Amino acid sequence: MRREPGSDGARRVSTPLLEVRGLRKAYPGVVANDDVSFAARRGEVHALLGENGAGKSTLVKTVYGLLRPDEGRMMLDGRDYAPASPHDARQAGVAMVFQHFSLFEALDVAENVALGMEVPPPMRELATRIRDVSETYGLPLDPNRLVGTLSAGERQRVEIIRCLLQDPQVLIMDEPTSVLTPQEVAILFETLKRLRTEGKLILYISHKLEEIRALCDWATILRHGKVTGSCDPRQKSARELAETMVGSELALPAAKTREPGEVALSIAGLTAASGAAFGTELKDLFLEVRRGEILGIGGVAGNGQDELLAVLSGEARSAPDSILLGDLPIGSFGPNERRALGVLAAPEERLGHATAPDMTLVENAALSGRRRMGMVSRGFVNWGKARAHAEHVIAQFDVRVPGAGSVARSLSGGNLQKFVIGREILQQPEVLVVNQPTWGLDAAAAAAIRQSLLDLAGQGAAVIVISQDLDELMEISTRFSALNEGRLSKPRDTDGLTLEEIGLMLGGAHDLEAGQGLSMPDRAVGSGETSP
Amino acid sequence: MDLGSINPVLLISALLLASTPILLAAMGELVVEKSGVLNLGVEGMMIVGAVSGFMAAVESGSPALGFLAAAAAAAVLALLFGVLTQVLLSNQVATGLGLTLFGLGISSLMGQGYVGIRPPASPRLDLPVLSELPVVGPVLFSQHALVYLSLAAVAGVWWYLRSTRSGLILRAVGESHEAAHALGYSVLGTRLAAIAFGGALAGLGGACLSLVIVPQWTEGMTAGRGWIALAIVVFGSWRAWRVLLGAYLFGGVSVLQLNLQAAGIAIPVELLSMSPYLITILVLVIISSDKRRAQANAPNSLGRTFHASG
Numbered sequence: 024m025r026r027e028p029g030s031d032g033a034r035r036v037s038t039p040l041l042e043v044r045g046l047r048k049a050y051p052g053v054v055a056n057d058d059v060s061f062a063a064r065r066g067e068v069h070a071l072l073g074e075n076g077a078g079k080s081t082l083v084k085t086v087y088g089l090l091r092p093d094e095g096r097m098m099l100d101g102r103d104y105a106p107a108s109p110h111d112a113r114q115a116g117v118a119m120v121f122q123h124f125s126l127f128e129a130l131d132v133a134e135n136v137a138l139g140m141e142v143p144p145p146m147r148e149l150a151t152r153i154r155d156v157s158e159t160y161g162l163p164l165d166p167n168r169l170v171g172t173l174s175a176g177e178r179q180r181v182e183i184i185r186c187l188l189q190d191p192q193v194l195i196m197d198e199p200t201s202v203l204t205p206q207e208v209a210i211l212f213e214t215l216k217r218l219r220t221e222g223k224l225i226l227y228i229s230h231k232l233e234e235i236r237a238l239c240d241w242a243t244i245l246r247h248g249k250v251t252g253s254c255d256p257r258q259k260s261a262r263e264l265a266e267t268m269v270g271s272e273l274a275l276p277a278a279k280t281r282e283p284g285e286v287a288l289s290i291a292g293l294t295a296a297s298g299a300a301f302g303t304e305l306k307d308l309f310l311e312v313r314r315g316e317i318l319g320i321g322g323v324a325g326n327g328q329d330e331l332l333a334v335l336s337g338e339a340r341s342a343p344d345s346i347l348l349g350d351l352p353i354g355s356f357g358p359n360e361r362r363a364l365g366v367l368a369a370p371e372e373r374l375g376h377a378t379a380p381d382m383t384l385v386e387n388a389a390l391s392g393r394r395r396m397g398m399v400s401r402g403f404v405n406w407g408k409a410r411a412h413a414e415h416v417i418a419q420f421d422v423r424v425p426g427a428g429s430v431a432r433s434l435s436g437g438n439l440q441k442f443v444i445g446r447e448i449l450q451q452p453e454v455l456v457v458n459q460p461t462w463g464l465d466a467a468a469a470a471a472i473r474q475s476l477l478d479l480a481g482q483g484a485a486v487i488v489i490s491q492d493l494d495e496l497m498e499i500s501t502r503f504s505a506l507n508e509g510r511l512s513k514p515r516d517t518d519g520l521t522l523e524e525i526g527l528m529l530g531g532a533h534d535l536e537a538g539q540g541l542s543m544p545d546r547a548v549g550s551g552e553t554s555p
Numbered sequence: 066m067d068l069g070s071i072n073p074v075l076l077i078s079a080l081l082l083a084s085t086p087i088l089l090a091a092m093g094e095l096v097v098e099k100s101g102v103l104n105l106g107v108e109g110m111m112i113v114g115a116v117s118g119f120m121a122a123v124e125s126g127s128p129a130l131g132f133l134a135a136a137a138a139a140a141v142l143a144l145l146f147g148v149l150t151q152v153l154l155s156n157q158v159a160t161g162l163g164l165t166l167f168g169l170g171i172s173s174l175m176g177q178g179y180v181g182i183r184p185p186a187s188p189r190l191d192l193p194v195l196s197e198l199p200v201v202g203p204v205l206f207s208q209h210a211l212v213y214l215s216l217a218a219v220a221g222v223w224w225y226l227r228s229t230r231s232g233l234i235l236r237a238v239g240e241s242h243e244a245a246h247a248l249g250y251s252v253l254g255t256r257l258a259a260i261a262f263g264g265a266l267a268g269l270g271g272a273c274l275s276l277v278i279v280p281q282w283t284e285g286m287t288a289g290r291g292w293i294a295l296a297i298v299v300f301g302s303w304r305a306w307r308v309l310l311g312a313y314l315f316g317g318v319s320v321l322q323l324n325l326q327a328a329g330i331a332i333p334v335e336l337l338s339m340s341p342y343l344i345t346i347l348v349l350v351i352i353s354s355d356k357r358r359a360q361a362n363a364p365n366s367l368g369r370t371f372h373a374s375g
């Protein structure tokens, strides 16, 4: 790893490649960026660190020309820089890899790359160039494959190669590791370090502290749209960084000490095709979850998570005795029958799957709880009971809304997720299945949700958590199982499981030469502990 | 019953012409849907094209001017839909249905003085030498110019979507408008252009009916062809050549069943009349029965409202 001689002083002397001064961007009711200033040089991996909603994305969208600032100015290479559109930004040498990939599933790799270029060469030439660049940077990619058939790691490669083909000076990476396996993260870091030695500036957005400490030369920390700190992250502990970022001490979930009870739900040898166009088939699935335990299911997006949730919730039906609740075969039961028996589920997509976006919280509470909470009699809904249930959830789970009459769409992600999870937990489930319970939430909301899942398991329910956040699974689950291309690995106790072993369980990186993928970034499992 | 009275050469020749309005409208709608917009107003745009083209041709005496007027009028109507759905963000399904009703109404108002008039004849285009060929000559090389134009539209749309940069951007917008916007492409501009193109082709299709096939103006003369065009696009799974197949199948069975009726075949007329619809949809359903592949080709943002929120 390259290091500059000296620290702050020396760093400030060399001329910055990108400089942002007094940037301000306000939306109705919220100031996303307030007087944000920072400077970044060539050959630097510069972290923008902050919680969700801290204004990182707004800031880089401004740099990439997607948003125009209300106040403030930017300088690129000593000249004024005010891109009116991403086209301008790309011409000035600024490229961006998006958090939610800006890719087109039904188009092939070469077409996707062409769309991100200002003046793409003819398709045949482009295919050769894609092959060349992907080999140079160790990111193997076939230009003719449909993006819809690629794994998350491969999709990110498409985005990175799209940027690299334009030979940018500044490369913006927005939360690049959130969907990667540990091995894929290692490859990405190698690529980024290589780009750094080539003299490019990488703006690296993340809220994962260990990654930033492992990779970045400098960090600008944002909170509520303001810069709250700026430091060399390698010289600070993760805890110090976290407190600058969050502004208060974090409450970590209590430790997990439970004796698992009898088997609550089991699946034996289930195979199920996916209903979606680019879905994953579940193959020969074995699963067993006991009362009082949390079974964590890890895996990179698109390896069958949605299909697994559908099979468990009853949205996808199967042979009656392929799924047993205790001794009761429930494979052919639909979601309503399973809900009545206490098998509840909270899917990943909060708006449109977990809740009806334009209906009120009362209505959404009734949709999920009507059977188990006895809200329906003779075909009529007892709205009093539904409202009481919704208000109970709001009070108990600290959902911040004006009232139970608010529509689901009006809630922030964190608040809606608290409502969705709380709505199921307060129905006293026998088995609760959740998919990505804390996706996109800030640390405080995520901690609250994890704690409530731990409490639920403590009360004797069986909980299955499907998540892509390995740290989260290590933190709360008793046993861990990996989902890879629709197959579920044998579960292992989480105590004593290392990140490397998990990486191997997840199937590692795709198309890797043997051995190359095992150089791990300095990244520790779980929270709190850090490695140098 | 006299099946011998059906002349296969004349039948195929008639099929090509009879299918042209639907084919034109369907190619237009294919481009519109590939850009992610569902315009259910095809029927309305066709009939407005039919009446505008008819009026312009009668007043000017030139069929060519009539076709131009038809394309322009229907494109303007389509842009009305475009502004409502893309700028004012109205619901595409409701607006499209409204466009059809509006088109049917305004066309009968516009055409009131033109009922029963014959338009200037628009001659067949005999391709030199080729049209002299026995059998194939009259079938393939002695058709109205619009027939060739519609075939050129199929090839052109196929090539445009497959090979040009602008076609790639159009597909990208239809696939994921958020991603296209994030890359800096104009979702609004692309879609408005596609909608106007779709309108122009639907208008041409309508004029083909009122100036060449019938040729006369009567109220509601498109008789559901716009709906058939819409269905063919979907069942042809958004592929230009399948849409061509669908349109010719529909036109072919329509012409054949008329011939069979005339020949007095012992099948109830009602069954014969419904046969084009049944057969076309059946065949297209069967060839697009691989649900996943059809889904993969369907524009992912179809019918979804896009609003750039920054």
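Residue numbers (this note's numbering), protein chains in the order written: chain A, 24 to 555; chain B, 66 to 375. The beta carbon of each residue, even a glycine, is placed where N, CA and C say it ideally should be. For clarity, every value in this text was computed on a predicted model and none was experimentally measured.
Bounds of the alpha helix (DSSP H) holding K408(A) are W406 to Q419. Listed as beta-bridge partners of C254(A) by DSSP are A242(A).
Its Cα nearest to that of R307(B), the residue L95(B) stands out among L95(B), G270(B), G202(B) and T283(B). The continuous beta strand (DSSP E) containing K48(A) extends over residues L41 to Y50.
In this structure, the straight-line span from the alpha carbon of S231(B) to that of K99(B) is close to 12 Å. The criterion of a C-beta distance shorter than 8 Å is not satisfied by L169(A) and A107(A). Approximately 37 Å separates the beta-carbon atoms of I489(A) and Q258(A); this is outside 8 Å, ruling out the contact. Each of M196(A), R246(A), E371(A) and I153(A) was checked against the Cα of K84(A), and the nearest Cα belongs to M196(A). The count of Cβ pairs closer than 8 Å, one atom from the stretch 239 to 248 of chain A and one from the stretch 152 to 172 of chain A, stays below three, leaving the stretches out of contact. One thing to note: A291(A) has its Cβ no nearer than 8 Å to the Cβ of S341(A).
A237(B) is a Cβ neighbour of A245(B), given a cutoff of 8 Å. Going by beta carbons, P86(B) and G270(B) fall inside the 8 Å limit. The Cβ-Cβ distance between S215(B) and L89(B) falls below 8 Å. Only A244, A247, L248 and G249 from the stretch 244 to 264 of chain B bring a Cβ to less than 7 Å from some Cβ of chain A.
Boundaries of the beta strand (DSSP E) harbouring Q208(B): S207 to H209, taken from the DSSP string. Counting the other CB atoms within 10 Å of its CB gives W303(B) a total of 16 or more, which places it among the buried residues. The continuous alpha helix (DSSP H) containing S338(B) extends over residues V334 to I352.
The closest CA to that of C273(B), considering only P184(B), I71(B) and G368(B), is found on P184(B). Taking a beta-carbon distance threshold of 8 Å, H376(A) does not count as an interface residue toward chain B. Counting every other CB atom within 10 Å of its CB across the protein chains shown gives Y227(A) a total of 16 or more, marking it as buried. Distance between D478(A) and A431(A), taken at the CA atoms: about 25 Å. A straight-line Cα-Cα distance of about 49 Å links P256(A) and T150(B).
Residue pairing from DSSP places I320(A) in a beta bridge opposite I489(A) and S504(A). The shortest C-alpha to C-alpha distance from T521(A) to any of E182(A), F503(A) and E141(A) is the one to F503(A). Taking a Cβ-Cβ cut-off of 8 Å, the neighbours of I234(B) in chain A comprise L138, given in sequence order. When rounded, the separation of the alpha-carbon atoms in L71(A) and V136(A) is 26 Å.
Its chain contains I244 and T267 as the residues whose beta carbon lies nearer than 6 Å to that of G252(A), once the 5 sequence neighbours on both sides are disregarded; these appear in chain order.
With fewer than 16 other beta carbons inside 10 angstroms of its own, R96(A) counts as exposed.
Taking 8 Å as the cut-off, the Cβ atoms of V424(A) and G445(A) do not count as close.
Scanning chain A for C-beta atoms nearer than 7 Å to the C-beta of S241(B) yields F127, reported in chain order.
At a cut-off of 8 Å between C-beta atoms, N104(B) does not count as an interface residue with respect to chain A.
Straight-line measurement puts the Cα of L233(B) at about 14 Å from the Cα of P144(A). In this structure the stretch 113 to 122 of chain B does not lie against the stretch 249 to 257 of chain B, because fewer than three pairs of beta carbons, one per stretch, are closer than 8 Å.
Cα atoms of L308(A) and N324(B): separation of roughly 59 Å, rounded to the nearest angstrom. Bounds of the alpha helix (DSSP H) holding S117(B) are V107 to S125.
Excluding sequence positions up to five before and after A140(B), its CB lies within less than 8 Å of the CB of A261, F262, G264, A265 and G268, all in the same chain and listed in chain order.
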